[in-house]
Every structure is written in structure tokens, then in C-alpha cells.
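Q: Take this structure first; my questions come after.
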Amino acid sequence: AYQVTTLERIKQSHNTWMVNFEQGLGKSLVAIEAVKDFGAKTGLIVCPANVRLNWLDELKKWWPGHPKAEGIDSAKQFAKESFVAPAIMVVSY
Numbered sequence: 012a013y014q015v016t017t018l019e020r021i022k023q024s025h026n027t028w029m030v031n032f033e034q035g036l037g038k039s040l041v042a043i044e045a046v047k048d049f050g051a052k053t054g055l056i057v058c059p060a061n062v063r064l065n066w067l068d069e070l071k072k073w074w075p076g077h078p079k080a081e082g083i084d085s086a087k088q089f090a091k092e093s094f095v096a097p098a099i100m101v102v103s104y
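Mapping to the working numbering: the sequence shown position 21 is 32, numbers consecutive.
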């Protein structure tokens, strides 16, 4: 129920929001549903380094056919001339 309430608040927030529930309470689903509802073309997911791959799995699970997503391992990737930013970047803090 709180997830639905959170999604409703996000819809009213005019594009600025942060989902910061405790671990295991559904951040992934709420964030992914909000991005889908807004029809966003790009996204930035900031998480601990050890769950970057989990977020990519969550995108596959909750949003089949999602825009290109990639886990960014290091800021050095941005410095490469050949770097093309994916639609959804998963980075660590």
C-alpha cells in the first residue's frame, strides 16, 4: 500500500523525487514504475557498488524491453572517447 502511495506522490512532484526506503521494502519496483509512468527517456540509478548488477537484473524483471541500461564501474569510462552514455546509467556512490 505504501508503494502505491509513494508512486502517487512521485506523480505529483513534477519530476524531482528520491526513493529511499529501507533495504527490502521495494525501492526498485517503485523507482522503475515511476520512470515508466513518466515516460522518461533517461535515468540515473545511484546505489552501492555491490548492487549495480542487481539493479540491472531488477530492470529486466520489472521492465522487460527497457531502454539500454549499463552499470558504470568507474568515472574513467566517461573519459574514453568511445564512451556513449546508455539511456539508464547505474552508478555507485
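Every residue gets a Cβ at the ideal spot worked out from N, C-alpha and C, and that includes glycine.
Per DSSP, what kind of secondary structure is E81 in: helix, strand or coil?
A: Correct three-state label for E81: strand.
Q: Is it the case that the Cβ atoms of V41 and V30 are separated by a distance below 8 Å?
A: Cβ distance < 8 Å, so V41 and V30 count as in contact.
Q: What residue does the alpha helix (DSSP H) around L67 start on, and which one ends it?
A: Segment 63-73, the alpha helix (DSSP H) holding L67.
Q: What distance in whole Å lies between the Cβ atoms of H77 and I99, which are believed to be in contact at a cut-off of 8 Å?
A: Yes, I99 and H77 are in contact; Cβ-Cβ is about 7 Å, under 8 Å.
Q: Please classify V46: does DSSP put it in a helix, a strand, or coil?
A: DSSP places V46 in helix when its eight states are reduced to three.
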